[in-house]
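First up is the structure itself, then whatever we jot down about it.
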Amino acid sequence: MHKQTMDMTVPPDLSKSGGTGPAVNRRPVYQDFMPPCNSACPAGENIQGWLALVHEKRYHDAWQLLIENNPMPAVHGRVCYHPCEGGCNREQVDGAVSIHQVERFLGDMAIEQGWQPHYTSRKTGKRVLVVGAGPSGLSAAYHLARMGHTVEIRDAGTRPGGMMYFGIPAYRLPRDVLMAEIQRIERMGVKITLNHKVEDLQKEKEEGAFDAVFVAVGAHISRKVDIPAREAGRILDAVSYLREVGEGQRPMLGRKVAVYGGGNTAMDAARTAKRLGAEEAMIIYRRDIDHMPAHKFEAEEAMEEGVKINWLRTISELELNQIKIEKMVLDENGRPQPTGEYETLEADAVILALGQNIDSELMQGIPEIEFSEDGTVQVDEHMMTAHTGIFAGGDMVPSERTVTIATGHGKHAARNIHAFLSGQVFAPKAKSPVVPFDALHIWYYTDTEQTTQPVVPPEQRTQSFDEVLGNLTEEEIRYEVRRCYSCGNCFECDGCYGACPEDAIIKLGAGRFYQIDYSKCTGCSACVLQCPTAAIHMTDKA
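Structural data, given as structure tokens:
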């Protein structure tokens, strides 16, 4: 193999070749580095690896590599906010590779063809209790099952999936897709017990003879706000409202619905109200579009569907069918400040979407466990609480709250739990430096923009809860994977082989990469300057 050991404690300057010619004070070495897409993925996927397999039309192999880190690609291809694409070096040229669409393509193909995970592990005889059937709990259970442990998930809900089922509307995440990926985890031997609220964690651990526990209860409790109200109309919290809709109910809201908040949940609540028949759905938010917690495209899709967003407004008083709101201005730090100017809006119902808190009551009776001011649980670097054998992750711990981050927590917790049950300590491998755009030498560059994802026209979206965003075709998927630069990793393009004036590069054959004959190498750095992916680097001669 071409990969040679380098000192990774100090990342080399990949933007410079540093060739010295006949002096031979420096020499080239092959060393694969970290692609920015892989580095940015909260679930730790080997994105570049499975993109390369899709390029070879090895779809089943690509899916198997993908699910080594993420058990629900069809879900994540729809609801993840794809930070991988934000990190993609191609974003600086003509748009990132549409990674989430390729992931969705593989996830859907796996469901259609009934693929099952390939893994080999002996039964360990260890039992693990997972509390919460959301993305973090499902991920932990999946990875623990792959490692040979017996896992049971207990959840208070009527359906598995947590906030994926009860918080994300079906027009973003179809329920048949979600359930198909959960059922695959169940077929691995993971037992899911529903309608079971764990109230005494220590008791359930002991009675079930569990060797470890992972607590991953989602943030299902809406934050309260003190708003003066005389004879207020109907007031709902967004979490309960979306849960009712997820359970098939159709809450009566009236003709005009106001949503108070600026996060993704607020956008979902307003868009859901339109689908339930509200003639007018509006959002009231105290900042502007550049300072809202929701992703910008969520707000744009809501506005396309006719949702009106009242920026720089806050509710000061509620009356029957009326809302008194105060205009705000942003100071130099982007914080909203009151103006003393008011206006009145009409609304038959108000939905409060001001964020969620966790329910940590099940852990309050364990004296060793410590909590942060916001109620989240404090864990160490191994995701274990101060009580030996009890781990926590997802919404339960201080972190950004997304499905993909929760999924990454579940995987990380599973590895630490496995080490704990084995009498060891999990030590993650040191990460290689990330390859920046200016380190690449894209001599094969062509201008090929990202494929546009199909979308249902706005006037049709609000007529049902059918999925809004569609799939790319297989041809379009293959076009997208061809756009990948393979940053930091050799793909045997023969650029170094053709560039070397001394015939010092030896081809070892397909899949075996290259070797350097240092008896011929002059250190001219021609190979480095020709390498498009920055997989060759000049280093000081030993």
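In this text, residue positions in the sequence shown follow our numbering: the first is 220, and each later residue adds one.
Think of the CB as a built atom: it goes at the ideal place given N, C-alpha and C, for glycine as much as any other residue.
**Prompt:** Can at least three beta-carbon pairs, one atom from the region 691 to 711 and one from the region 315 to 324, be found at a separation below 8 Å?
**Reply:** Three or more beta-carbon pairs drawn from the region 691 to 711 and the region 315 to 324 are found closer than 8 Å, and the two stretches are therefore classed as touching.
**Asked** Using the rule of at least 16 other Cβ atoms within 10 Å of the residue's Cβ for burial, across every protein chain shown, is Thr412 buried or exposed?
**Response** It is exposed - the Cβ of Thr412 has fewer than 16 other Cβ atoms within 10 Å.
**Message:** In the DSSP output, what is Pro247 paired with across the bridge?
**Reply:** Answer by DSSP bridge pairing, in chain order: Met757.
**Request:** Work out the CA separation of Asp419 and Leu357 for me, nearest whole Å.
**Result:** Leu357 and Asp419: Cα-Cα distance of roughly 21 Å.
**Asked** What are the complete alpha helix (DSSP H) segments, minimum 4 residues, inside the region 708 to 735?
**Response** Counting only runs of 4+ residues, the alpha helix (DSSP H) found wholly inside the region 708 to 735 occupies 714 to 718, in chain order.
**Request:** Enumerate, from N- to C-terminal direction, the unbroken alpha helix (DSSP H) stretches of 4 or more residues contained entirely within the region 664 to 696.
**Result:** Listed in chain order, they are 677 to 680.
**Message:** Please list the terminal residues of the continuous beta strand (DSSP E) segment that includes Asp327.
**Reply:** Segment 318 to 332 is the alpha helix (DSSP H) holding Asp327; no beta strand (DSSP E) there.
**Prompt:** How many whole angstroms separate the CB atoms of Ile612 and Gly594, which I take to be in contact at a CB cut-off of 8 Å?
**Reply:** The sequence shown places Gly at residue 612, rather than the Ile named in the question. Taking 8 Å as the upper bound for CB-CB distance, Gly612 and Gly594 are not in contact here, some 15 Å apart.
**Message:** Within a Cβ cutoff of 6 Å, which residues of the same chain sit near Gly367, ignoring the five residues on either side of it in sequence?
**Reply:** Same-chain partners within the cutoff: Ser340, Arg341, Lys342, Thr343.
**Prompt:** Which residue from Ile609, Asp567, Leu573, Asp599 puts its Cα closest to that of Gln583?
**Reply:** Among Ile609, Asp567, Leu573, Asp599, the Cα nearest to that of Gln583 is on Ile609.
**Message:** Taking the alpha carbon of Arg373 as the reference point, which residue from Lys424, Glu400, Trp662, Leu325 has its own alpha carbon closest?
**Reply:** Ranked by Cα distance from Arg373, the first of Lys424, Glu400, Trp662, Leu325 is Lys424.
**Asked** Out of curiosity, what's the CA-to-CA distance linking Ile755 and Pro247?
**Response** Going from the Cα of Ile755 to the Cα of Pro247 covers about 6 Å.
**Prompt:** If we count the other Cβ atoms within 10 Å of its Cβ and call it buried at 16 or more, is Gly333 buried or exposed?
**Reply:** The residue is exposed, with fewer than 16 neighbouring Cβ atoms inside 10 Å.
**Asked** What separation, rounded to the nearest whole angstrom, lies between the Cα atoms of Ala723 and Phe710?
**Response** Straight through space, the alpha carbons of Phe710 and Ala723 are spaced by roughly 19 Å.
**Prompt:** What does Phe516 pair with, by DSSP beta-bridge criteria?
**Reply:** Answer is none; Phe516 lacks a bridge partner.
**Asked** So does the region 517 to 531 actually touch the region 542 to 549, counting three or more Cβ pairs closer than 8 Å?
**Response** With a cut-off of 8 Å, the region 542 to 549 and the region 517 to 531 count as touching, because enough Cβ pairs lie within range.
**Message:** Between which residues of its own chain and Cys703 is the CB-CB distance below 6 Å, once the five residues before and five after are set aside?
**Reply:** The residues are Leu270, Val316.
**Asked** Once you ignore the five residues that flank Gly535 on each side, which residues in its own chain have a CB closer than 6 Å to its CB?
**Response** One point to set straight first is that residue 535 is Ser, not Gly, in the sequence displayed. If we look at Ser535 and ignore the five residues flanking it on each side, its Cβ neighbours are Lys543, Glu545.
**Message:** Buried or exposed for Arg323, going by 16 or more other Cβ atoms inside 10 Å?
**Reply:** Classification of Arg323: buried, given that the 10 Å Cβ count is 16 or more.
**Prompt:** Mapping DSSP to helix, strand and coil, what is Tyr561?
**Reply:** In this structure, Tyr561 counts as strand in the three-state DSSP scheme.
**Message:** Using CA atoms only, rank isn't needed, just tell me which of Ala572, Pro388, Gly689 is closest to Val444.
**Reply:** Distance from the Cα of Val444 is smallest, within the candidate group Ala572, Pro388, Gly689, for Ala572.
**Prompt:** Nearest to Ala753 by CA position, among Asp657, Arg731, Glu721, is which residue?
**Reply:** Of the candidates Asp657, Arg731, Glu721, the residue whose Cα lies closest to the Cα of Ala753 is Asp657.
**Message:** Quick check on Val350: does DSSP put it in helix, strand or coil?
**Reply:** In the three-state reduction of the DSSP assignment, Val350 falls in the strand class.
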